[in-house]
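So the sequences go chain by chain: A and B.
By the working numbering, the letter at position 237 of the first sequence is numbered 237, and the numbering carries on one by one without gaps.
Converting from the second sequence to the working numbering requires adding 1000 to each position, the first position being numbered 1.
Number of protein chains: 2
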Amino acid sequence: MATGRTHRPATRSRGIPEATVARLPLYLRALTALSERSVPTVSSEELAAAAGVNSAKLRKDFSYLGSYGTRGVGYDVEYLVYQISRELGLTQDWPVVIVGIGNLGAALANYGGFASRGFRVAALIDADPAMAGKPVAGIPVQHTDDLEKIISDNGVSIGVIATPAGAAQQVCDRLVAAGVTSILNFAPTVLSVPDGVDVRKVDLSIELQILAFHEQRKAGEESAEGGPLPAAASRGAAADDSADQGPDGDVPAVMPA
Amino acid sequence: MATGRTHRPATRSRGIPEATVARLPLYLRALTALSERSVPTVSSEELAAAAGVNSAKLRKDFSYLGSYGTRGVGYDVEYLVYQISRELGLTQDWPVVIVGIGNLGAALANYGGFASRGFRVAALIDADPAMAGKPVAGIPVQHTDDLEKIISDNGVSIGVIATPAGAAQQVCDRLVAAGVTSILNFAPTVLSVPDGVDVRKVDLSIELQILAFHEQRKAGEESAEGGPLPAAASRGAAADDSADQGPDGDVPAVMPA
DNA sequence: ATGTCTTTGTGAACGCGTGCACAAAGATGG
DNA sequence: CCATCTTTGTGCACGCGTTCACAAAGACAT
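Structure follows, in structure tokens:
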């Protein structure tokens, strides 16, 4: 639905590939650095190197935005910074709420980079009554009871979930019901949301496990290959050898597993 | 510029697709939850639903590991937990060092999930002399000067970088020189590493910016379309309207930009 | 103005990942 | 022992993303 092509034959169609969108912030960062060094223009080759991507890929990415380069010269840094910022929607202010002010939530709240990128921490929310009123990063923590009102009053459309896994879905449901349509989830859970709501997940544990996989591969598998198999259906095969004291989903959020 | 290729040249040894490897931790988490509820077997349909993926994809993923299912019945939960854990290398202990004990580093150190997944925080390292000896999460912070010795003594092969962007490459170089071959990078920088070293990046700012893009799209662009363009090469077009007090790369790490 | 040189923008080929659809395998019941 | 039913494992087709390679566009020098 609504995927109909616009009559406009303009090169700037609305179909920017997801993979390209994911790289735009990368380019923007590199361009911002160049801007601070007062570099007027960059070639696709230079910028690609700075962003760590292939130059052809970068040019193709930019081609989806339009023809902003000058052949023989390169791209105007300031102009491109503006275009990408606009495309990403960073020229406007995005109020954000962080739910779950544990270690990670506090770390996020303390991060100064929010404000400098169009994101503003509108509120910090936690379910612990003892946290209420206590300032974190200069912002007083508010109780979950007021979640709906906070969302509504501040016109929040982006929410960050940094709660334990057990609370994530419930918090998510309330955020969505209150009007949030984009969620950044740090809890180790698969969230179900209605159509029209975007969810992105940040999962440190998964990243570490992927690294472990490659690490194991690099170390060669002669030592652990063809190892003995546990009795097919015996108890607790292996893996989680220890620390089973609590359900896995009970952890704060940073390190889902 | 020795732009160390971070991409793997297709580790064709076992031939498990990268996309599959990235999903294995997801399956493992769902399986662990089932295991704790003493569920003996699951069908690909059920497990796929729990992991939030397509059942055909899940079956294909498992097919790369071998034929561990029983037709007409499903998969033995405990057995699969073991197989995936083994494949990911989680049956062995992985000593990990965290460099940069700021808000995020502390949050990571405090996370209890490390130990329960085969990962062990071997040391916390920070460049601030004032931090030295101060315990975080029960582990005394050590100074950067001892980095090499720490890596060596503990046989660390996985490092987590949670430093400001400005220090990341330098820390990375020292980690690699000391023997680390897998790095999880939280700093907003493109790290260059020699071949054979894996780098994975966690970048909250990018995630937020991607959400903002979709959010803007959802809101409809009738209000900001065809907007005025800034003088081609004028100063700071927009985007970074405020908070320029320091270079962007000066931020701790959680929120790269 | 003209030629040369640099760099963009993109057509086309290729490879990977995804999802469908179905045959084979095995459990279960009569 | 045979029929039926469930669920796996996978061949195949499709679409997206990546990369190559090159013609066109424009700057710059003469």
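Cβ atoms here follow ideal geometry from the backbone N, Cα and C, with glycine treated the same way.
Here the structure is a predicted model, which is why all the values come from computation and not from measurement.
For the pair N103 of chain A and L1104 of chain B, the Cα-to-Cα distance works out to about 8 angstroms.
Residues of chain A whose Cβ lies closer than 8 angstroms to the Cβ of T1181 of chain B are, in chain order, E215 and K218. Rounded to whole angstroms, I1139 of chain B and L1204 of chain B show a C-alpha spacing of 26 angstroms. The Cβ of E207 of chain A sits closer than 8 angstroms to at least one Cβ of chain B. Between the region 62-69 of chain A and the region 1073-1088 of chain B, the count of Cβ pairs shorter than 8 angstroms is below three; the stretches do not touch. By the Cβ criterion, the region 135-150 of chain A is in contact with the region 83-101 of chain A, since at least three pairs of Cβ atoms, one from each stretch, lie closer than 8 angstroms.
The criterion of a C-beta distance shorter than 8 angstroms is not satisfied by L1080 of chain B and A212 of chain A. Judged by pairs of C-beta atoms under 8 angstroms, the region 1180-1187 of chain B touches the region 1155-1170 of chain B, as three or more such pairs exist. Residues of the region 1103-1123 of chain B with a C-beta atom less than 8 angstroms from some C-beta of chain A are N1103, L1104, A1106, A1107, L1108, N1110, Y1111, G1112, G1113, F1114, A1115, S1116, R1117, G1118 and F1119, listed in chain order. Counting only residues of its own chain and dropping the five nearest sequence neighbours on each side, L175 of chain A has a CB closer than 6 angstroms to the CB of G159. Close partners of R1200 of chain B in chain A (Cβ separation under 7 angstroms): E207, I210 and L211. Non-local beta-carbon contacts of L28 of chain A in its own chain, meaning distances under 6 angstroms to residues more than five positions away in sequence, involve I84 in chain order. Restricted to the region 1089-1163 of chain B, the beta strand (DSSP E) segments that are unbroken, complete and at least 3 residues in length are 1094-1099, 1119-1126, 1139-1143 and 1158-1161, listed in chain order.
Judged by pairs of C-beta atoms under 8 angstroms, the region 1047-1060 of chain B does not touch the region 1119-1126 of chain B, as fewer than three such pairs exist. At least 8 angstroms separates the beta-carbon of E45 of chain A from that of S1157 of chain B.
Using a CB distance cut-off of 8 angstroms, A1177 of chain B does not count as an interface residue toward chain A. Annotated three-state conformation of I1016 of chain B is coil, per DSSP. Put simply, the backbone Cα of R200 of chain A is about 15 angstroms away from that of R23 of chain A.
S192 of chain A carries a coil assignment under DSSP once its states are collapsed to helix, strand and coil.
Under DSSP, L65 of chain A shares a beta bridge with no residue. By the CB criterion at 8 angstroms, L1034 of chain B and V1021 of chain B fall outside the cutoff. Judged by their CB atoms, A1051 of chain B and V202 of chain A are not nearer to each other than the 8 angstroms cut-off. Within the region 55-69 of chain A, no residue has a Cβ lying closer than 9 angstroms to any Cβ of chain B. Check the Cα spacing between A30 of chain A and each of A:E18, A:R71 and A:A49: the tightest is with A:A49. Among the CB atoms of chain A, one or more fall inside 8 angstroms of the CB of G1089 of chain B. Using a Cβ-Cβ cut-off of 7 angstroms, V1021 of chain B is close to I210 and F213 of chain A, given in chain order. Judged by beta-carbon spacing, A1127 of chain B lies within the 8 angstroms limit of A1167 of chain B, meaning their Cβ atoms are closer than that value. In the DSSP assignment, V176 of chain A falls outside any beta strand (DSSP E) and lies within the alpha helix (DSSP H) extending over A165 to A178.
Chain A has a Cβ within less than 8 angstroms of the Cβ of S1157 of chain B. Between I125 of chain A and L108 of chain A, the C-beta gap is not smaller than 8 angstroms, which leaves the two residues out of contact. In this structure I1151 of chain B is in contact with V1097 of chain B, their Cβ atoms being roughly 7 angstroms apart against a cut-off of 8 angstroms. Bridge pairing for I183 of chain A: A:G159 and A:V199 [DSSP]. The beta carbon of D1061 of chain B is closer than 7 angstroms to those of T1020 and R1023 in its chain, skipping five residues each way along the sequence. Here the alpha carbon of R1037 of chain B sits roughly 45 angstroms from the alpha carbon of D1173 of chain B. For P1188 of chain B, the residues of chain A that pass the 7 angstroms Cβ criterion are R29, in the order they occur in the chain. Annotated as proximal: G1155 of chain B and P1095 of chain B, with beta-carbon spacing under 8 angstroms.
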